[in-house]
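A.B. asks:
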Amino acid sequence: MGLIRLLILAALVYLVWRFAKRLLAATNGGDDQRPARSAEPRGETMIRCQQCGLHVPEREAFKHRGLGFCSQEHQRQYLEHHEP
Ligand SMILES: [Zn+2]
126 MGLIRLLILA
136 ALVYLVWRFA
146 KRLLAATNGG
156 DDQRPARSAE
166 PRGETMIRCQ
176 QCGLHVPERE
186 AFKHRGLGFC
196 SQEHQRQYLE
206 HHEP
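Take the sequence shown: its letter number 51 is residue 176 in my numbering, and every next letter is one higher.
Dropping the structure here:
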């Protein structure tokens, strides 16, 4: 039954090796590998205009206190009606 013991040993060594490698990668983490997860996602965030309901890309939207607008005009119109 020497072969089975050898196989089990090999499996154990393999698992330990895998575990150690993962541990090493975790402690080594991030610097020279791929950039952090904070990088911009591919899909662009769409913001809904509070005045007309149009969806515009976040970088083109006009924002005011957490509200999004498709244009400065709509921002102005919205604020005229909703703020004293
Ligand atoms: Zn609008």
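From the three backbone atoms N, C-alpha and C, an ideal C-beta is built for every residue, glycine too.
This one's a predicted model, so the numbers in the text were calculated from it and none came from an experiment.
Which term fits A186, buried or exposed, when burial requires 16 or more other beta carbons within 10 angstroms of its beta carbon?
C.D. replies: Under this definition A186 is a buried residue.
A.B. asks: Taking just the CA atoms, how far does G168 sit from C195?
C.D. replies: The straight-line gap from Cα to Cα measures roughly 19 Å.
A.B. asks: Have a look at V181, L204, A151 and flag the residue whose alpha-carbon is nearest the alpha-carbon of R190.
C.D. replies: It is L204.
A.B. asks: Go to W193, then tell me how far its beta strand (DSSP E) extends in each direction, as first and last residue.
C.D. replies: With the sequence shown as reference, residue 193 is identified as Gly, and Trp is not the correct amino acid for it. Here the beta strand (DSSP E) through G193 covers 192-194.
A.B. asks: By how many angstroms is the C-alpha of P182 removed from the C-alpha of R173?
C.D. replies: Roughly 9 Å separates the two Cα atoms.
A.B. asks: Would the beta-carbon of L148 be found less than 7 Å away from any heavy atom of ligand 1?
C.D. replies: Flag unset: Cβ of L148 not near ligand 1.
A.B. asks: Along the beta strand (DSSP E) that carries R184, what are the first and last residues, could you check?
C.D. replies: First-last for R184: undefined, no H or E at that position.
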